[in-house]
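K.L.:
Top to bottom, those sequences are chains A and B. Residues 1 to 367 in the UniProt record's numbering are what the first sequence spells out, letter by letter. Residues 1 to 364 in the UniProt record's numbering are what the second sequence spells out, letter by letter.
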Amino acid sequence: MNFTTFEKPGRKSTELAKLNDRLAAKPAAHLQVQNLSVGYSIARGIFQAVDDVSFEVKPGTNLGLVGESGCGKSTVIKAIMGLQPDGTRISGLALLNGENILGLSDRELQAIRWVKVALITQSAMNSLDPVYSIGDQIVEAIRSHENVSNATAWARAEELFALVGMPAARLYEFPHQFSGGMRQRAVIAMALALNAGMLLADEPTTALDPIMQSQIMQRIRGIHEHMRRSMILVTHDIAVVAETCENTVVMYAGKVAEKGPTEDVLERPLHPYTMGLKNAFPRLPVRGEPRQPLISIPGVVPNLFHPPKGCRFAGRCPFATERCHNDPPALVSEGMQAAACHYIDRASEFREAASRPETWRRMGSAA
Amino acid sequence: MTAEATILKNIDAEAATVIEARDLKTHFQGRSGIVSALLGAKPPVARALDGVDLCIKERRIVGLVGESGCGKSTLGMSLVRMHQPTSGQLLYRGEDITQIEGKRLKDYRREAQIIFQDPYSSLNPRLTIGQIVEEPLLIHGIGNAAERRQKVARALDLVRIPPADNIDRFPSDLSGGQRQRVAIARALVLEPKFIVADEPVSMLDVSIQASVLELLDELSQKLGLAVLYISHDIATVGYICDHVAVMYLGRIVEEGAADDVLTSPLHPYTRHLMAAIPRVSDDKKTELPELSGDVPSPMNVPPGCRFAPRCPYATELCHRIEPELIAGQSGQGVRCHIYGSEDSGLPRPQLGQITQAADAGTLT
Numbered sequence: 001m002n003f004t005t006f007e008k009p010g011r012k013s014t015e016l017a018k019l020n021d022r023l024a025a026k027p028a029a030h031l032q033v034q035n036l037s038v039g040y041s042i043a044r045g046i047f048q049a050v051d052d053v054s055f056e057v058k059p060g061t062n063l064g065l066v067g068e069s070g071c072g073k074s075t076v077i078k079a080i081m082g083l084q085p086d087g088t089r090i091s092g093l094a095l096l097n098g099e100n101i102l103g104l105s106d107r108e109l110q111a112i113r114w115v116k117v118a119l120i121t122q123s124a125m126n127s128l129d130p131v132y133s134i135g136d137q138i139v140e141a142i143r144s145h146e147n148v149s150n151a152t153a154w155a156r157a158e159e160l161f162a163l164v165g166m167p168a169a170r171l172y173e174f175p176h177q178f179s180g181g182m183r184q185r186a187v188i189a190m191a192l193a194l195n196a197g198m199l200l201a202d203e204p205t206t207a208l209d210p211i212m213q214s215q216i217m218q219r220i221r222g223i224h225e226h227m228r229r230s231m232i233l234v235t236h237d238i239a240v241v242a243e244t245c246e247n248t249v250v251m252y253a254g255k256v257a258e259k260g261p262t263e264d265v266l267e268r269p270l271h272p273y274t275m276g277l278k279n280a281f282p283r284l285p286v287r288g289e290p291r292q293p294l295i296s297i298p299g300v301v302p303n304l305f306h307p308p309k310g311c312r313f314a315g316r317c318p319f320a321t322e323r324c325h326n327d328p329p330a331l332v333s334e335g336m337q338a339a340a341c342h343y344i345d346r347a348s349e350f351r352e353a354a355s356r357p358e359t360w361r362r363m364g365s366a367a
Numbered sequence: 001m002t003a004e005a006t007i008l009k010n011i012d013a014e015a016a017t018v019i020e021a022r023d024l025k026t027h028f029q030g031r032s033g034i035v036s037a038l039l040g041a042k043p044p045v046a047r048a049l050d051g052v053d054l055c056i057k058e059r060r061i062v063g064l065v066g067e068s069g070c071g072k073s074t075l076g077m078s079l080v081r082m083h084q085p086t087s088g089q090l091l092y093r094g095e096d097i098t099q100i101e102g103k104r105l106k107d108y109r110r111e112a113q114i115i116f117q118d119p120y121s122s123l124n125p126r127l128t129i130g131q132i133v134e135e136p137l138l139i140h141g142i143g144n145a146a147e148r149r150q151k152v153a154r155a156l157d158l159v160r161i162p163p164a165d166n167i168d169r170f171p172s173d174l175s176g177g178q179r180q181r182v183a184i185a186r187a188l189v190l191e192p193k194f195i196v197a198d199e200p201v202s203m204l205d206v207s208i209q210a211s212v213l214e215l216l217d218e219l220s221q222k223l224g225l226a227v228l229y230i231s232h233d234i235a236t237v238g239y240i241c242d243h244v245a246v247m248y249l250g251r252i253v254e255e256g257a258a259d260d261v262l263t264s265p266l267h268p269y270t271r272h273l274m275a276a277i278p279r280v281s282d283d284k285k286t287e288l289p290e291l292s293g294d295v296p297s298p299m300n301v302p303p304g305c306r307f308a309p310r311c312p313y314a315t316e317l318c319h320r321i322e323p324e325l326i327a328g329q330s331g332q333g334v335r336c337h338i339y340g341s342e343d344s345g346l347p348r349p350q351l352g353q354i355t356q357a358a359d360a361g362t363l364t
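Shown next as structure tokens:
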């Protein structure tokens with residue numbers, strides 16, 4: 001029973017205003033991930049999904065986490081949220097505003113999840129409860145962390161729905177009454193419920209068609225501009241990253257291959273994997289210009305039960321030498337950018353060669 | 001594409017038509033509740049495919065794009081007769097195959113094959129690669145064991161899966177890209193003339209996509225295949241397709257040469273579709289007003305233009321009368337009233353002009 005509806009209207013609106021002020025005062029979070037390693041233990045041994053990954057999200061910026069499936073992108077997100085399955089081995093630090101949030105108990109995590117770090121999940125179909133209305137689910141998230149009345153929480157939910165471009169009346173509906181894109185918007189609204197300083201978006205648009213995808217990304221960009229939250233955007237679509245994120249981390253087989261400001265990483269990649277990824281990415285034709293060839297990267301991602309002892313990309317890299325196969329490269333910085341490659345000084349020469357299909361095709365016949 | 005292939009393409013400018021759909025309709029019968037059935041109400045009908053004309057020639061790849069739920073896959077499956085069309089005509093090399101059954105249908109299926117989206121669920125995990133590719137030959141009773149083995153090896157060679165190493169392996173031993181190649185080999189082993197590729201690369205990683213697309217392009221040239229490439233990823237369509245058709249709610253709203261449709265789209269829907277694609281470099285991206293709403297349900301198709309309820313330029317005429325497909329000089333056709341005012345040659349108005357024309361009401 002909802003008794004709060006009988007209260008004087010004045011009190012509700014002041015309570016809402018107070019709640020909004022309280023939430024708006026939250027600063028954007030600063031996240032430093034240092035030497036994060038995550039290993040899943042399976043019957044066959046330890047599967048090292050993430051290996052010594054470090055990056056930083058400065059307050060109020062977007063970080064794009066890019067890579068192929070199985071490269072460990074989602075595992076990084078799960079580790080930060082504390083959502084890994086039992087028996088997972090985690091080492092390293094994730095400093096949220098200077099405090100480590102890795103390896104906390106469920107009770108300790110309660111003060112962090114939703115409040116300080118919120119997750120926008122990949123499959124909006126599975127992340128909503130089918131038997132509660134969307135409004136009730138958002139209200140539950142708000143009321144489990146903020147001591148406010150049901151009516152105030154509902155009013156906050158209405159504001160959140162307006163923010164993602166949905167009519168408030170639809171708060172009364174259930175997830176199955178929503179289309180895929182609307183469900184995704186509802187999940188975004190929920191993630192914003194407590195104005196967490198850090199948003200983690202795990203492939204928020206992957207399952208959607210292009211028009212929906214562009215609408216959702218516009219919402220996310222708009223929220224980023226107005227509310228200045230920090231965000232990690234996990235995706236395999238480098239074009240989405242190019243349009244949304246200030247900084248980019250490219251992962252390959254559980255390790256960071258390259259990181260730096262998005263423009264630098266995509267315009268002047270230092271790592272041959274980033275070069276290959278860029279070539280393989282289809283672009284729209286431009287009138288009057290010949291179509292550029294689409295170049296695939298030959299070979300497959302190495303099996304992480306038996307990671308190669310040298311550079312993980314060596315087996316697919318057209319420039320690999322003896323040294324690459326034996327000696328794992330460290331992350332070398334060049335200006336704001338850094339790449340894990342032994343031959344970072346030859347990057348411009350590699351970039352030129354990598355744009356020619358023959359360079360990669362020669363590899364293909366060997367693989 | 002090789003120089004040789006380009007020449008080939010020019011020579012057979014008048015290539016033989018392999019498959020043609022004429023006003024094809026595929027409707028699905030819904031079920032009504034017991035009360036409305038007793039009241040004599042007609043059960044709802046989903047008009048998934050509602051009057052499609054399409055023609056694919058030898059050695060051509062036609063791209064079919066559109067939002068989810070617009071009927072792309074229904075068209076693909078209707079063309080290979082996995083769905084029975086409700087009305088209209090389906091011609092395979094000039095022969096009417098709309099209603100064929102039994103042995104004739106089985107024979108047609110030797111000629112027309114389909115490749116599915118998800119190579120993780122379209123291959124039987126308990127069969128070896130050799131058995132998977134051989135199965136269609138067994139079903140159609142082709143050749144003896146030795147001949148079949150030869151055909152399987154040839155099909156695997158075509159998709160660059162070395163048969164000697166892989167014929168006894170299981171799908172679980174292969175990567176996603178390799179599985180999709182096996183699925184292509186299974187479609188090719190019957191030596192079809194027409195292939196429907198339903199989102200063949202959308203489940204694959206970007207670094208592998210390119211190799212599968214390249215393979216499709218090469219096979220269509222080498223074997224003279226007609227291919228219908230269904231995808232919502234418009235960028236990949238630009239790489240391999242000669243011709244593009246844009247679908248919206250069961251009808252084709254725009255079609256033409258890939259270069260024309262993708263670089264100068266005419267229909268407001270196509271323009272939005274193109275503007276929605278994220279770009280790596282910030283080359284002139286047109287900012288269009290956000291489309292309101294979702295695709296209407298095929299059970300409740302709006303009268304008039306199907307796009308009118310979401311179209312920012314819709315006029316009263318659009319809501320009332322459905323536009324015909326208007327063909328321009330270059331062969332680019334568009335189903336929109338905006339272009340109806342001029343008889344020959346399509347105008348290419350800029351966005352501002354579209355709105356102006358709409359405001360001025362000069363569209364009748």
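Ideal placement from N, C-alpha and C gives every residue a C-beta, glycine not left out. Bear in mind that the values here come from a model prediction, so they are computed numbers and not experimental data.
#1: Check whether chain B comes within 8 Å of A:Ser91, counting only Cβ atoms and requiring the distance to be less than that.
#2: Look at the alpha carbon of A:Thr244 and the alpha carbon of A:Leu63, and state the distance between them as a whole number of angstroms.
#3: Exposed or buried, residue 368 of chain A, counting other C-beta atoms within 10 Å across all chains shown (16 or more means buried)?
#4: Taking C-alpha atoms, which residue in B:Leu249, B:Ile132, B:Lys193, B:Phe307 lies nearest to B:Arg181?
#5: Going along chain B in order, which residues have a C-beta closer than 7 Å to the C-beta of A:Phe281?
#6: With A:Ala242 and A:Ile120 assumed to form a contact (beta carbons below 8 Å), what rounded beta-carbon distance in angstroms separates them?
#7: What are the boundary residues of the beta strand (DSSP E) that includes A:Thr206?
#8: Would you check if the stretch 286–296 of chain A and the stretch 288–304 of chain B touch, i.e. whether three or more CB-CB distances between them fall below 8 Å?
#9: Within the same chain, show all residues whose beta-carbon is closer than 8 Å to that of B:Ala48, passing over the 5 residues directly before and after it, in chain order.
#10: Please state if the CB of A:Leu31 and the CB of A:Val53 are separated by a distance shorter than 8 Å.
#11: Can you check which of these residues, A:Gly103, A:Met190, A:Arg107, A:Pro175, is closest to A:Glu140 by C-alpha distance?
#12: Where does B:Asp343 fall in DSSP's three states?
#13: Sort B:Thr236, B:Asp23, B:Gly333 by Cα distance to B:Ser207 and report the nearest one.
#14: With DSSP run on the structure shown, which of helix, strand or coil describes B:Glu20?
#15: Express the C-alpha separation of B:Arg179 and B:Asp173 in angstroms, rounding to a whole number.
#16: In chain order, what residues of the same chain lie with their CB nearer than 8 Å to the CB of B:Ala245, ignoring the 5 residues before and after it?
#17: Quick test of your reading: A:Val250 and A:Val240, contact by CB under 8 Å. State the CB separation rounded to the nearest angstrom.
#18: Examine chain B for any beta-carbon lying closer than 8 Å to the beta-carbon of residue 368 of chain A, and answer yes or no.
#19: Using a Cβ cut-off of 8 Å, which residues of the stretch 130–151 of chain A contact any Cβ in chain B, in chain order?
#20: Once the 5 residues before and after A:Gly92 are set aside, which same chain residues still bring their CB inside 6 Å of it?
#21: Less than 7 Å between C-beta atoms, sequence neighbours within five positions excluded: which residues of the same chain meet that for B:Pro136?
#22: Given a limit of 8 Å on CB to CB distance, which residues of the stretch 236–269 of chain B reach chain A?
#23: Taking its Cβ as the centre, do 16 or more other Cβ atoms sit within 10 Å of A:Thr14, making it buried, or is it exposed?
#24: Could you check whether the Cβ of B:Gln209 sits closer than 8 Å to any Cβ belonging to chain A?
#25: Leaving aside the five residues before and after residue 370 of chain A along the sequence, list all residues of the same chain whose C-beta is less than 7 Å from its C-beta, in chain order.
#26: Between the C-alpha atoms of A:Gly87 and A:Lys255, what's the straight-line distance to the nearest angstrom?
#27: What number of angstroms, rounded off, separates the C-alpha of A:Leu301 from the C-alpha of A:Leu277?
#28: Return helix, strand or coil for A:Lys78, following the three-state DSSP convention.
#29: Could you name the residues of the stretch 181–204 of chain B whose beta carbon sits closer than 7 Å to any beta carbon of chain A, in the order they occur along the chain?
#30: Should the stretch 193–203 of chain B be called in touch with the stretch 219–232 of chain B, which here means at least 3 C-beta pairs below 8 Å?
#31: Please classify B:Lys151: is it buried, with 16 or more other beta-carbons within 10 angstroms of its beta-carbon, or exposed?
#32: Name the residue from A:His306, A:Asn247, A:Cys71 whose alpha carbon lies nearest to the alpha carbon of A:Gly45.
#33: Mind checking which residues open and close the beta strand (DSSP E) that includes B:Ala257?
#34: Taking the straight line between their C-alpha atoms, what separation do you get for A:Leu208 and B:Ala275?
#35: If we cut at 8 Å on Cβ distances, does A:Arg362 have a partner in chain B?
P.N.:
Looking at the coordinates:
#1: Locating residue 91 of chain A in the first sequence gives position 91, counting from the first residue. Output row for A:Ser91: interface = no.
#2: If you number the first sequence from 1, residue 244 of chain A lands on position 244. If you number the first sequence from 1, residue 63 of chain A lands on position 63. When rounded, the distance between both Cα atoms is 9 Å.
#3: Within the shown structure, residues of chain A are numbered from 1 to 367, placing residue 368 of chain A beyond reach of any answer.
#4: Here residue 181 of chain B is taken as the residue at index 181 of the second sequence, counted from 1. Of B:Leu249, B:Ile132, B:Lys193, B:Phe307, the residue nearest in Cα terms is B:Ile132.
#5: On the first sequence, position 281 is the one that residue 281 of chain A refers to. Near A:Phe281 (Cβ distances below 7 Å), the residues of chain B are Val206, Val280.
#6: Here residue 242 of chain A is taken as the residue at index 242 of the first sequence, counted from 1. Here residue 120 of chain A is taken as the residue at index 120 of the first sequence, counted from 1. Actually they are not in contact, since the Cβ atoms of A:Ala242 and A:Ile120 sit about 20 Å apart, beyond 8 Å.
#7: In the first sequence, the residue the question calls residue 206 of chain A occupies position 206. Looking at the DSSP string, A:Thr206 is not in any beta strand (DSSP E), and its letter there is neither H nor E.
#8: no
#9: The residue you call residue 48 of chain B lines up with position 48 of the second sequence. Closer than 8 Å at the Cβ level, and outside the excluded window around B:Ala48, lie Thr26, His27, Phe28, Gly71, Thr74, Gly250, Pro298.
#10: Start at 1 with the first residue of the first sequence, and residue 53 of chain A comes out as number 53. Start at 1 with the first residue of the first sequence, and residue 31 of chain A comes out as number 31. Result no, Cβ atoms of A:Val53 and A:Leu31 do not sit closer than 8 Å.
#11: On the first sequence, position 140 is the one that residue 140 of chain A refers to. Residue A:Met190 is the option with its Cα nearest to A:Glu140.
#12: Position 343 of the second sequence, counted from the start, is the residue given in the question as residue 343 of chain B. Only weak support is given to the placement of B:Asp343: the predicted model assigns it a pLDDT of 46, under 50, and the value that follows is read from those uncertain coordinates. Coil at B:Asp343, not helix or strand.
#13: Taking the first residue of the second sequence as position 1, residue 207 of chain B is located at position 207. Among B:Thr236, B:Asp23, B:Gly333, the Cα nearest to that of B:Ser207 is on B:Thr236.
#14: The residue given as residue 20 of chain B occupies position 20 in the second sequence. Strand, per DSSP.
#15: Position 173 of the second sequence, counted from the first residue, corresponds to residue 173 of chain B. Position 179 of the second sequence, counted from the first residue, corresponds to residue 179 of chain B. Cα-Cα distance, rounded: 9 Å.
#16: Here residue 245 of chain B refers to the residue found at position 245 when the second sequence is read from its first residue. Excluding sequence neighbours, B:Ala245 sits near Leu54, Val62, Gly63, Leu64, Val65, Ile252, Glu254, Glu255.
#17: The residue labelled residue 250 of chain A in the question sits at position 250 within the first sequence. The residue labelled residue 240 of chain A in the question sits at position 240 within the first sequence. Actually they do not touch by this definition, with Cβ atoms about 14 Å apart.
#18: In the structure as shown, chain A starts at 1 and stops at 367, and residue 368 of chain A therefore has no counterpart that could be examined.
#19: none
#20: Looking up residue 92 of chain A in the first sequence gives position 92. If we look at A:Gly92 and ignore the five residues flanking it on each side, its Cβ neighbours are Gln34, Asn35, Leu36, Ser37.
#21: On the second sequence, position 136 is the one that residue 136 of chain B refers to. The answer, listed in chain order, is Arg186, Val189, Leu190.
#22: Thr236, Gly238, Tyr239, Ala258, Asp259, Leu262, Thr263, Ser264
#23: Translated into positions along the first sequence, residue 14 of chain A becomes position 14. Label assigned to A:Thr14: exposed.
#24: In the second sequence, counting from the first residue as 1, residue 209 of chain B sits at position 209. Yes, contact with chain A.
#25: This structure cannot speak to residue 370 of chain A, because chain A is shown only from 1 to 367.
#26: Mapped onto the first sequence, residue 87 of chain A falls at position 87. Mapped onto the first sequence, residue 255 of chain A falls at position 255. Each residue's alpha carbon lies about 21 Å from the other.
#27: For the purposes of this step, residue 301 of chain A is identified with residue 301 of the first sequence, where counting begins at 1. For the purposes of this step, residue 277 of chain A is identified with residue 277 of the first sequence, where counting begins at 1. Checking the sequence shown, residue 301 of chain A turns out to be Val, not Leu. Each residue's Cα considered, the two are about 13 Å apart.
#28: One-based indexing of the first sequence puts residue 78 of chain A at position 78. Reduced to three states, the DSSP call for A:Lys78 is helix.
#29: none
#30: yes
#31: As a first step, residue 151 of chain B must be located in the second sequence, where it is residue number 151. Its Cβ being crowded by 16 or more others within 10 Å, B:Lys151 is buried.
#32: The residue you call residue 45 of chain A lines up with position 45 of the first sequence. Closest option to A:Gly45, Cα to Cα, is A:His306.
#33: Numbered from its first residue, the second sequence carries residue 257 of chain B at position 257. Per DSSP, B:Ala257 belongs to the beta strand (DSSP E) from 251–257.
#34: Position 208 of the first sequence, counted from the start, is the residue given in the question as residue 208 of chain A. Position 275 of the second sequence, counted from the start, is the residue given in the question as residue 275 of chain B. Answer to the nearest angstrom: the Cα atoms are 16 Å apart.
#35: Along the first sequence, one-based indexing puts residue 362 of chain A at 362. Taking Cβ atoms only, chain B never reaches closer than 8 Å to A:Arg362, which makes this a no.
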